[in-house]
Amino acid sequence: MGSERRDVRGAAERRARRAWREGSGPWLRAAGALYGTATHAWSFAYEVGLLWPHQPVLPTISIGGVTVGGSGKTPVTAEVARMVTAAGHRPAVVTRGFPDELGLHGRMSRGWPVIGHPDRRLAVAEAARSADVAVLDDGFQHRRLARDLDLVLLDADVVGRVPWRLLPSGPFREPPSALGRADAIVVTRRSAGAAAGRALATWARRHTDVPLVARCALVPGELRRVARAAHGREPDAGAGPRVAVAGIMKPEAFLAAVRATGLDPALEVILPDHGALSHELASEIVEAARGAGVVTTGKDLARLSPALPAGLPLWCLEERLTWEEGVDELRQRIEAVCAGRRAAPNQRRGTG
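In this text, residue positions in the sequence shown follow the numbering used here: the first is 40, and each later residue adds one.
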């Protein structure tokens, strides 16, 4: 049975994504050039000491990226927090404060606090009440806050598959030269094969001076039934969700993973990233589900669960991170920061 698809992302977002794949016009390229000029000026101000990063009260490890989303920052951040815990320290994860990100980090937490605030300086100060190491999610461009270890993710699903053009002409936040301020590069992949990940890691070693390049894959994990209030009848034994909902940067990868489990949803819904679920769309999802339920991403649980009836079964297709290269050296770097707050050369130059 084929699936019906509802893509409720805005027209501008759909046009931009199509332009990234197929090539952008002169107006988008001009806008990308302006964005690049502003980004360069901001970065240059830190490089020459016109601006100085705030020194946080805790040793800080940043995880960030050079593309607009979907590179795996959240699962890698949780993995780093686990390494900090294993080293005998108390991490706190610091995010921008989007409810879906807070919800996902909360479910991935193994007891560490998750603090969301647009001002990361205030968030790290709050973290110091209960933690001794701050782990910053999506911090590579947040240069107002210094860090002791700067990890940048390179997404093999994107890098090398589309031209390296800056927003809004392309999906990149910064030019390739920005990678040089990182202390480690982590190559991630979902739909790309292992060979593509290895090739990107080789490229990173050849074209940057970053001392450590690691690799990991983000693969589908367990299809898990989410505990909810017990209202309404239970679905039939063996019944699975009839609707799949994704509001992430790479919805196609999630929907393909759902189908790979053997499910064949009657309706696939693509939401805008961080967007709210309208009452009309929620009603459409409930009608299509016919009591059998909905499957969604870990990130989207926070907005779907309160918007759908408690009696409608809700599933989450988990994601699992597997390391392919460099994890031992990365763990050693993290343990060194936890033990002695050894600042990287970038931060000693005041370019954090």
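Glycine included, C-beta positions come from ideal geometry on N, C-alpha and C.
Here Ile-373 is not near Val-96, since their CB atoms are 8 Å or more apart.
Around the Cβ of Ala-234, a 10 Å sphere holds fewer than 16 other Cβ atoms; the residue is exposed. According to DSSP, Gly-103 shares a beta bridge with Val-191.
Gly-109 sits away from Pro-214, with the two beta carbons spaced by 8 Å or more.
Contact between Val-265 and Leu-302 does not hold, since the beta-carbon distance rounds to 16 Å and is not under 8 Å. Remark: C-beta atoms of Asp-189 and Ser-101 approach each other more closely than 8 Å. Between Asp-177 and Arg-135, the beta carbon gap of about 6 Å places them in contact (Cβ cut-off 8 Å). In the three-state reduction of the DSSP assignment, Ala-164 falls in the helix class. For the pair Thr-361 and Val-308, the Cα-to-Cα distance works out to about 28 Å. Around the CB of Arg-182, 16 or more other CB atoms lie within 10 Å, so the residue is classed as buried. Taking 8 Å as the cut-off, the Cβ atoms of Arg-229 and Leu-257 count as close.
Annotation: Gly-232 to Leu-89 spans about 43 Å, alpha carbon to alpha carbon. For Gly-142, the three-state secondary structure derived from DSSP is helix. Sixteen is the threshold: when 16 or more other Cβ atoms of the shown chains lie within 10 Å of the Cβ of Val-376, as they do, the residue is buried. Selection Gly-330, Leu-306, Glu-323, Arg-342 evaluated against Ala-315 yields Arg-342 as nearest (Cα-Cα).
Counting every other CB atom within 10 Å of its CB across the protein chains shown gives Leu-347 a total of 16 or more, marking it as buried. Note on the segment 208–247: whole beta strand (DSSP E) runs with a minimum of 3 residues are 223–228, in chain order.
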